[in-house]
Structure formats: C-alpha cells, structure tokens
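Written out below as structure tokens is the structure these notes cover.
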Amino acid sequence: HRASYLDSTLTLNELEKQHIERVLHEEEGRVEKAASRLGIPRSSLYQKIKKYQLNSSRV
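So for the sequence shown, my numbering puts the first residue at 44; every next one is plus one.
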C-alpha cells in the first residue's frame, strides 16, 4: 500500500490536513501546483488552508 505514512488513529480531518501540508511542502508552498496535485480547485485549497490554519508560505 502506497499510503504507509498514514496513522489509522487519525480522524479524516487530521488526515486531510496532514496530506495538504505534505503536498504544499513538496510544492514549496505553490498553491496552484498543490491544488492541481490534489485534484481540487485552487479556491477549495485556499478554503482548506484557512480551515486548518495553515500558512502555505511556511509549509
């Protein structure tokens, strides 16, 4: 299974937050590229960044 980094004790929201953080980090904070990789509109990613209180420039 490719998702070996997952912890089965995480809630779905915690899992989503960690995944977004990881993708943003890998894309060096570039929201447009991260949104593309996540398969969601850029506006949705901005909403999730706000929801999870992430700072895309520091991830």
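Think of the CB as a built atom: it goes at the ideal place given N, C-alpha and C, for glycine as much as any other residue.
Please work out which residues of its chain come closer than 6 angstroms, Cβ to Cβ, to residue i, disregarding the five sequence neighbours upstream and downstream, and give them in chain order.
| i | result |
| --- | --- |
| Tyr95 | Lys60 |
| Glu70 | Lys76, Ala77 |
Can you find the residues in the same chain that come closer than 7 angstroms, C-beta to C-beta, to residue i, ignoring five residues on each side of it along the sequence?
| i | result |
| --- | --- |
| Val66 | Ala77, Arg80, Leu81 |
Count the other C-beta atoms from every protein chain shown that fall within 10 angstroms of the C-beta of residue i, then say buried if there are 16 or more, exposed otherwise.
| i | result |
| --- | --- |
| Leu88 | buried |
Please say whether residue j and residue i have beta carbons closer to each other than 7 angstroms?
| i | j | result |
| --- | --- | --- |
| Ile63 | Lys91 | yes |
Given residue i, which residues of its chain have a CB within under 8 angstroms of its CB, disregarding the five upstream and five downstream residues?
| i | result |
| --- | --- |
| Thr54 | none |
| Val74 | Leu67, Arg85, Leu88, Tyr89, Ile92, Ser99 |
Exercise for the section: Report the residue ranges of all alpha helix (DSSP H) runs contained in full by the segment 61-94; include only those spanning at least 4 residues, in chain order. Expected result: Listed in chain order, they are 74-81, 85-94.
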